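Taking it in order: structure first as C-alpha cells, then the write-up.
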Amino acid sequence: MLRDTTSKVVLFGGIAIILLGAIMPNWIVNQLMFGFSRALAILGLLVLWRTGLVSFGHAFYFGLGAYTVAIVDIQLGVTDVFVRLFGGAIIAGIAGFIIGFIMRNYRDIFFAMLNTAISMVLYGIIVKTESLGSTDGFAISLPTIFGIAPETKYPLFIIITMIAMISALLINFYLKTTVGRLTTPIRDNEIRVEYLGFSVAHAIHLKYTISAVLAGGAGALMAMSLGQVDPDSMINWTVSGELVFITILSGPGNVIAPFIGSLVFEVLRTYAFELAPQAWQLIVGATFLTVIFFLPGGIWSLIAKLGRKKS
Amino acid sequence: METFLTILLDGLQFSSYLFIVSAGLTIIFGVMKILNVCHGSFYAWGAYTAAFFIGKFSDMGLPDALGFLIIIAAAIVVGVVLGLIIEQGILKHMYHRDEVLIVLATFGLFLVLEDIILIAFGTDPYFAYQPMALLESVEMGGVIRDVYGLTLIGVATFVAVGCWLLLNKTKWGVILKAVIFDREMGISMGINVPFVYTLTFIGGAILGGLGGAYIAPTISVAPGLGTEVIVLSFAVVVVGGMGSIAGAAIGSLIIGLLRALAVHELPQVELFVVFAVMAIVLVFRPEGLFAPAKPRKI
Chain A
1 MLRDTTSKVV LFGGIAIILL GAIMPNWIVN QLMFGFSRAL AILGLLVLWR
51 TGLVSFGHAF YFGLGAYTVA IVDIQLGVTD VFVRLFGGAI IAGIAGFIIG
101 FIMRNYRDIF FAMLNTAISM VLYGIIVKTE SLGSTDGFAI SLPTIFGIAP
151 ETKYPLFIII TMIAMISALL INFYLKTTVG RLTTPIRDNE IRVEYLGFSV
201 AHAIHLKYTI SAVLAGGAGA LMAMSLGQVD PDSMINWTVS GELVFITILS
251 GPGNVIAPFI GSLVFEVLRT YAFELAPQAW QLIVGATFLT VIFFLPGGIW
301 SLIAKLGRKK S
Chain B
1001 METFLTILLD GLQFSSYLFI VSAGLTIIFG VMKILNVCHG SFYAWGAYTA
1051 AFFIGKFSDM GLPDALGFLI IIAAAIVVGV VLGLIIEQGI LKHMYHRDEV
1101 LIVLATFGLF LVLEDIILIA FGTDPYFAYQ PMALLESVEM GGVIRDVYGL
1151 TLIGVATFVA VGCWLLLNKT KWGVILKAVI FDREMGISMG INVPFVYTLT
1201 FIGGAILGGL GGAYIAPTIS VAPGLGTEVI VLSFAVVVVG GMGSIAGAAI
1251 GSLIIGLLRA LAVHELPQVE LFVVFAVMAI VLVFRPEGLF APAKPRKI
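Chains A and B, in that order, are what the protein sequence lines are. Position one of the first sequence corresponds to residue 1 (this note's numbering), numbered consecutively onward. Position one of the second sequence corresponds to residue 1001 (this note's numbering), numbered consecutively onward.
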C-alpha cells in the first residue's frame, strides 16, 4: 500500500505538517484546518470527476455531516470528536447509498441537476424549520478528545490532518484496485466496460457512496473547526458550486491535488477578502474561468509538469 | 373563496415572472445546449438597472410613467451588453468543450457578475415603487390587488405568445428549429450558426433581464437576488422539460401555484415543495413532464 511515491509523499508530508503545526502561528493552523476539512469532500468529488460525473449538489452531504454534528451536540450533548466525525460521515454515507440507487442511472447535466434538487430540498427544510436553526444555524461546543477538552485548537488540527492523510491513502489505494480503476473507462465508453464484465451501475454507486461519506466527514470536520453551522455556508447551491470549483482548480491528477487545491482556495479567498471585501467572489470567479480556460488539468498539472522536467 | 382567489392570483403572478426568466433560460438551453447559471445575473442586473434609473428619474421630477419605458430599456440594454460580452468573449471559445465544463464556466461568470453588481450599486437595497404606486389597486371578488402585479401576468402572456409566433410563424423560427434539431445539418444548409447562437443568447439574456426589471418595483432590490431565482428557474425548466417554451410555461405554472399555496397554507414547506417537485420529476421523467420525444439519430 505504501509502495508508490504518492503514498510516501502523503505520509511524510502529513507528518511534517503535523510537526510544523506546533510552531506555526494560529492563523495558518486555522487555514490548514479549513483547507484539509474541505479537501476531504474534494477527494470524493475527484473520484466522481474522473468518472466524468460532476455533482452540483454535494453540499447536501457536506451539510448533512455538519448538521449531524450540530444535532448530536445540542440534542444529545455529544462532544467527542470521533463520535461526531463518524456520525456525520455515516449518516451522509447512508443517505448517499440510498440516493445512489437513483443517481447511478443519471449522467451529465441530469446527474448534476438531480443532485442540486436534492440538496435544495434539504436547504428548503432547514431554512424554514425553527427547531433546525432556520437561517441562523447553530453554534457548536468545542469538541473533546476521549473525554479531554483541549485548550488550543492544535489537537483538533492533528486529528483533521491525520484523517485527511488516512483518507488520501485509502482513496489512493482504492483508485489502484480493479473497481477503483473503472473511472476514465466509464467516462470514455460505458458499453465497453459492460462488455468487459463489470457493472457500470455498481461501480458508479460505490463511487457515489464513497464521495457521500467523504463529503459528510468533511462537513463534520468543518463544523467543528468553524464552531458553527448555518444553511447558507453549508447547504445552499453556491456551496456545491464552490466544491466543484475547488475540484476543477485542484485537477483530477492525484489524491494530493485536492489538498493543495483547497489550501490555494482558502488562501485565495482570505486574501481576496482582505484585498477587496466586496469583490472576493469576482476574484474567485475570475480565477475559476482562468483555470477552466488555460489549465484544464488544474494546479496538479503544473506540479506534474515540474516533476517531469526534473527527472 | 377569497383565500382561493388570493392564492390563485399570487400563484399566477409568481408563475409569470418565473416564466419570463425561465423562457430565456430554456431558449438558450434548447438552441445552444448550455445550462446558463449566470442567467440569474441577467435577472439581478435587470432588476438593479431598472430600480436605479426609476429612482433617479423620479428624483429628477420626471413623470413616473417613464418607469415602464425604463423597465423595457433596462432589459434590452442589460441583455444586449451582457449577452454580447459573455457570448463573444467567453462562451464562443468553449463550444467544443464538455457540456458540464460550460456550466461551470457560467457559474464562474455568475460569481463575477454578482460582485460587479455590489461594486456598481453598493450593498444598500433599492426601492423603485413608483410604477407600482402609479397603477394603484383594484378590487376583484373581494380581494384587493395592485394592478401592477396583474400587468405582470399580461407581460408573461405576451412573451409566451411572442415566442410561439416567432418559433412557428416566422423564417427565424424555422432556422432556430433547424439548429435545435441538427446543428451540423443546419450549417451545411447555409445557416450561419454562430450568428444564430449570438442572437439566441442575447434574446435569452433580454428575457432574463426583463424578468428582473419588471419585478423590481414590487420588491426591495438587494444583493443575493440572482442566487435564488436561478435555482427556481432551473426547477421550472427541469419540470417542464429543458428546451421547450411550452414546458417552461407549464413548469412555471406548476411551481408558481404550488409555492403560492404553500406560502398561504403551510409556509414551512415553501422552498421544500419546489425542489421536491423538481427531484420527483427528475426521478420519474428525467427529460421533464412535457419534453417532446427526441428523434433518434443514426
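The C-beta atom is built at its ideal place from N, Cα and C for all residues, glycine as well. Since the model is a prediction, treat every value here as computed from it, not as a measurement.
9 angstroms Cβ cutoff met for residue i and residue j
{"i": "GLN1088 (chain B)", "j": "THR1198 (chain B)", "result": "yes"}
{"i": "LEU64 (chain A)", "j": "ILE91 (chain A)", "result": "yes"}
{"i": "ILE307 (chain A)", "j": "GLY261 (chain A)", "result": "The sequence shown places Gly at residue 307 (chain A), not Ile. Not in contact: GLY307 (chain A) and GLY261 (chain A) (Cβ atoms no closer than 9 angstroms)."}
{"i": "THR1149 (chain B)", "j": "LEU1289 (chain B)", "result": "As written in the sequence, residue 1149 (chain B) is Gly, which differs from the Thr given in the question. No, these two residues do not count as a Cβ contact at 9 angstroms."}
{"i": "THR178 (chain A)", "j": "ILE18 (chain A)", "result": "no"}
{"i": "LEU114 (chain A)", "j": "PRO1286 (chain B)", "result": "yes"}
{"i": "GLY1204 (chain B)", "j": "ILE1028 (chain B)", "result": "yes"}
{"i": "VAL1239 (chain B)", "j": "MET1189 (chain B)", "result": "no"}
{"i": "TRP280 (chain A)", "j": "PHE273 (chain A)", "result": "yes"}
{"i": "VAL291 (chain A)", "j": "ILE248 (chain A)", "result": "yes"}
{"i": "VAL239 (chain A)", "j": "PHE265 (chain A)", "result": "no"}
{"i": "ASP108 (chain A)", "j": "GLU1099 (chain B)", "result": "yes"}
{"i": "ILE42 (chain A)", "j": "SER250 (chain A)", "result": "yes"}
{"i": "LEU1253 (chain B)", "j": "GLY1011 (chain B)", "result": "yes"}
{"i": "VAL1078 (chain B)", "j": "ILE1206 (chain B)", "result": "yes"}
{"i": "ASN1036 (chain B)", "j": "THR1151 (chain B)", "result": "no"}
{"i": "LYS128 (chain A)", "j": "GLU1136 (chain B)", "result": "no"}
{"i": "VAL1196 (chain B)", "j": "ILE1219 (chain B)", "result": "no"}
{"i": "ILE166 (chain A)", "j": "PHE82 (chain A)", "result": "no"}
{"i": "VAL1159 (chain B)", "j": "ILE1020 (chain B)", "result": "yes"}
{"i": "SER37 (chain A)", "j": "SER225 (chain A)", "result": "yes"}
{"i": "LEU1251 (chain B)", "j": "VAL1236 (chain B)", "result": "Note on residue identity: the sequence assigns Gly, not Leu, to residue 1251 (chain B). A contact, by the Cβ cut-off of 9 angstroms."}
{"i": "VAL1274 (chain B)", "j": "ILE102 (chain A)", "result": "no"}
{"i": "PHE1068 (chain B)", "j": "VAL1221 (chain B)", "result": "no"}
Pairwise C-alpha distance: residue j and residue i
{"i": "SER55 (chain A)", "j": "GLU1228 (chain B)", "result": "19 angstroms"}
{"i": "ILE1102 (chain B)", "j": "ALA59 (chain A)", "result": "20 angstroms"}
{"i": "MET1 (chain A)", "j": "LEU243 (chain A)", "result": "Any reading at MET1 (chain A) is ruled out, since the residue's pLDDT is 49, under 50, leaving its predicted position unreliable."}
{"i": "TYR1017 (chain B)", "j": "PHE1234 (chain B)", "result": "14 angstroms"}
{"i": "THR51 (chain A)", "j": "GLY216 (chain A)", "result": "20 angstroms"}
{"i": "ILE99 (chain A)", "j": "VAL213 (chain A)", "result": "13 angstroms"}
{"i": "ARG1183 (chain B)", "j": "VAL1193 (chain B)", "result": "8 angstroms"}
{"i": "THR1157 (chain B)", "j": "GLU1002 (chain B)", "result": "24 angstroms"}
{"i": "PHE1052 (chain B)", "j": "ASP1124 (chain B)", "result": "12 angstroms"}
{"i": "LEU1066 (chain B)", "j": "ALA223 (chain A)", "result": "51 angstroms"}
{"i": "PHE1110 (chain B)", "j": "MET1242 (chain B)", "result": "20 angstroms"}
{"i": "TYR208 (chain A)", "j": "ALA95 (chain A)", "result": "11 angstroms"}
{"i": "GLY219 (chain A)", "j": "MET1060 (chain B)", "result": "52 angstroms"}
{"i": "ALA149 (chain A)", "j": "LEU45 (chain A)", "result": "33 angstroms"}
{"i": "GLY88 (chain A)", "j": "LEU221 (chain A)", "result": "9 angstroms"}
{"i": "GLY253 (chain A)", "j": "ALA164 (chain A)", "result": "17 angstroms"}
{"i": "LYS305 (chain A)", "j": "GLY1226 (chain B)", "result": "39 angstroms"}
{"i": "ARG84 (chain A)", "j": "PHE157 (chain A)", "result": "15 angstroms"}
{"i": "TYR271 (chain A)", "j": "VAL1155 (chain B)", "result": "45 angstroms"}
{"i": "LYS153 (chain A)", "j": "PRO277 (chain A)", "result": "27 angstroms"}
{"i": "ILE1153 (chain B)", "j": "TYR61 (chain A)", "result": "39 angstroms"}
{"i": "ASN172 (chain A)", "j": "LEU11 (chain A)", "result": "12 angstroms"}
{"i": "ASN105 (chain A)", "j": "ALA1248 (chain B)", "result": "25 angstroms"}
{"i": "GLY1173 (chain B)", "j": "THR116 (chain A)", "result": "32 angstroms"}
> Which of the residues in the region 248 to 267 of chain A, read from start to end, lie with their CB under 8 angstroms from any CB of chain B?
Replying inline: Cβ contacts with chain B: ILE248.
> In chain order, what residues of the region 222 to 247 of chain A put their CB closer than 7 angstroms to some CB of chain B?
Replying inline: Taking 7 angstroms as the Cβ-Cβ cut-off, the region 222 to 247 of chain A approaches chain B at TRP237, THR238, GLY241 and VAL244, given in chain order.
>> Counting only Cβ-Cβ distances shorter than 8 angstroms, please list the residues of the region 1073 to 1093 of chain B near chain A, keeping chain order.
In response: Of all residues in the region 1073 to 1093 of chain B, those with a C-beta nearer than 8 angstroms to a C-beta of chain A are ILE1090 and HIS1093, reading in chain order.
> Can you list, in chain order, the residues of the region 121 to 140 of chain A whose Cβ is nearer than 8 angstroms to any Cβ on chain B?
Replying inline: Cβ contacts with chain B: VAL121, TYR123, GLY124, ILE125, VAL127, LYS128 and THR129.
>> Closer than 8 angstroms between beta carbons: that is the criterion. Which residues of the region 92 to 112 of chain A meet it against chain B?
In response: For the region 92 to 112 of chain A, the set of positions with a beta-carbon nearer than 8 angstroms to some beta-carbon of chain B reads ILE102, TYR106, ASP108, ILE109, PHE110 and ALA112 in chain order.
>> As an exercise, report each continuous alpha helix (DSSP H) stretch of at least 4 residues that is fully enclosed by the region 1154 to 1211 of chain B, in chain order.
In response: The qualifying runs are 1171 to 1181 and 1183 to 1188.
> Are there three or more Cβ pairs, one per stretch, closer than 8 angstroms when the region 1106 to 1119 of chain B is compared with the region 1039 to 1047 of chain B?
Replying inline: Because the criterion of three Cβ pairs below 8 angstroms is met, the region 1106 to 1119 of chain B and the region 1039 to 1047 of chain B touch.
>> Using a Cβ distance threshold of 8 angstroms, determine whether the region 187 to 199 of chain A contacts the region 30 to 38 of chain A, with at least three qualifying pairs required.
In response: Result no; under three Cβ-Cβ pairs closer than 8 angstroms.
> In chain order, which continuous runs of the alpha helix (DSSP H) of length 4 or greater are located wholly inside the region 1227 to 1268 of chain B?
Replying inline: Those alpha helix (DSSP H) runs which fall completely within the region 1227 to 1268 of chain B and span 4+ residues are 1245 to 1265.
>> Report the start-end ranges of each beta strand (DSSP E) in the region 232 to 288 of chain A that is 3 residues or longer and not cut off at the edges.
In response: None, since the region 232 to 288 of chain A contains no complete beta strand (DSSP E) of that length.
>> Counting only Cβ-Cβ distances shorter than 7 angstroms, please list the residues of the region 58 to 77 of chain A near chain B, keeping chain order.
In response: Of all residues in the region 58 to 77 of chain A, none places a beta-carbon less than 7 angstroms from a beta-carbon of chain B.
> On the three-pair Cβ rule with 8 angstroms, is the region 141 to 150 of chain A touching the region 233 to 243 of chain A?
Replying inline: The region 141 to 150 of chain A and the region 233 to 243 of chain A do not touch, with fewer than 3 CB-CB distances between them shorter than 8 angstroms.
> Going along the region 1234 to 1268 of chain B in order, which residues come within less than 9 angstroms of chain A, judged by CB to CB distance?
Replying inline: Residues passing the 9 angstroms Cβ filter: PHE1234, ALA1235, VAL1238, MET1242, PRO1267 and GLN1268.
>> Count Cβ pairs between the region 1179 to 1194 of chain B and the region 1046 to 1063 of chain B that sit closer than 8 angstroms; are there 3 or more?
In response: Cβ pair count under 8 angstroms is below three, so no.
> Which ranges would you report for the beta strand (DSSP E) in the region 163 to 239 of chain A if only whole runs of at least 3 residues count?
Replying inline: Fully contained in the region 163 to 239 of chain A is no beta strand (DSSP E) run of length 3 or more.
> Are the region 1262 to 1280 of chain B and the region 119 to 127 of chain A touching by the rule of at least three beta carbon pairs closer than 8 angstroms?
Replying inline: Yes, they touch.
> Any chance the region 1250 to 1265 of chain B sits against the region 1204 to 1216 of chain B, with 3 or more Cβ pairs inside 8 angstroms?
Replying inline: As far as the Cβ criterion goes, the region 1250 to 1265 of chain B does not touch the region 1204 to 1216 of chain B, which means the pair count is below three.
>> I'd like the ranges of any beta strand (DSSP E) spanning at least 3 consecutive residues and lying wholly in the region 1026 to 1086 of chain B.
In response: Counting whole runs of 3 or more residues, the region 1026 to 1086 of chain B contains no beta strand (DSSP E) stretch at all.
> Three or more C-beta pairs closer than 8 angstroms, one from the region 63 to 81 of chain A and one from the region 128 to 138 of chain A: is that the case here?
Replying inline: Enough Cβ pairs lie closer than 8 angstroms, so yes.
>> Which residues of the region 1128 to 1160 of chain B have a Cβ closer than 8 angstroms to any Cβ of chain A? Give them in chain order.
In response: Of all residues in the region 1128 to 1160 of chain B, none has a Cβ within less than 8 angstroms of some Cβ in chain A.
> For the region 277 to 295 of chain A, which residues have a CB atom closer than 7 angstroms to at least one CB atom of chain B, in sequence order?
Replying inline: Correct list: GLN278, ALA279, GLN281, LEU282, VAL284, GLY285, ALA286, PHE288, LEU289 and ILE292.
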